[in-house]
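Just so it is clear: in the sequence shown, position 95 is 98 by my numbering, and no numbers are missing.
What follows is a single structure, written as structure tokens, with notes after it.
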Amino acid sequence: MFEFSRNEIRDLLIAFVVLSICFAISNVGTDPFGIASILPIVMIGVGAGFLLHEIGHKFVSIKYGYWAEFKLWPLGLVIALVTAFLGFVFAAPGAVNTYADHMSDEINGRIAIAGPMTNMALALIFIAIAALIYPFSLDSQIIHLVYLTCAVGYSVNSYLAAFNLLPFATLDGTKVMKWNVLIWIVIFAIAAIMTLLSMTIGAENMVGLIIGM
């Protein structure tokens, strides 16, 4: 049954708020006005990306008949805040714990890959919307704000996908690689390219390239 406990909802909300602040800091630094200005936009990208990432894990776990629940990792929150001041975000404030006496590497890998795949799908949706509304964004402040939100949403979600696919510790990449190395290589390569494009030429310039194709 797909449901959330009170503790799980609390943990998800805390992680969501802290991650949003972290991504805002990593983008604009410690200027309070800058953080306040970008935070609402960042919260949409992080809200969609982080929450649906974890829900993706939970949904697939339950699909295979396992109970799953998101648990906050307090140390992960601290690390995320510290790294935000260094210009990047260690985006591991917690994880969906799947409770099972035994689980095959394949099922564990499928559960793990659900989160990053969700982020990649969201990133593509965000950049597609940005490309569609770009011609109208110069004539309307509201549409321009939506455009910027989509650009940030692409950047955040491509980063979350690539970060979580790193084959380190308890990140999703370790489980996916243990299940199928080839699948991990392909998915991680795509996520990494999406992230590098965002970091090098920027999501807004990507929109220009898409429109010009």
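Even for Gly, the Cβ is constructed at its ideal location relative to N, Cα and C.
Small disclaimer: the values here were computed from a predicted structure and weren't measured.
If V179 and G112 are in contact, beta carbons under 8 Å, what's the gap, nearest whole angstrom?
-> 5 Å
Where do the ends of the alpha helix (DSSP H) carrying E57 lie?
-> In the DSSP assignment, E57 falls within the alpha helix (DSSP H) that extends over 55-66.
Which whole-angstrom value is the C-beta distance of L42 and A27, which I expect to be below 8 Å?
-> Yes, they are in contact, since the Cβ atoms of L42 and A27 sit about 5 Å apart, within 8 Å.
Is it buried or exposed for D34, if we count other Cβ within 10 angstroms and need 16 for buried?
-> exposed
Just how far apart, CA to CA, sit N100 and R13?
-> 15 Å
Roughly how many whole angstroms lie between the Cα atoms of G52 and F19?
-> 10 Å
Between I193 and I38, what straight-line distance do the alpha-carbon atoms span, to the nearest angstrom?
-> Rounded to the nearest angstrom, the two C-alpha atoms are 30 Å apart.
Per-residue DSSP class, three states only, for A94 = coil
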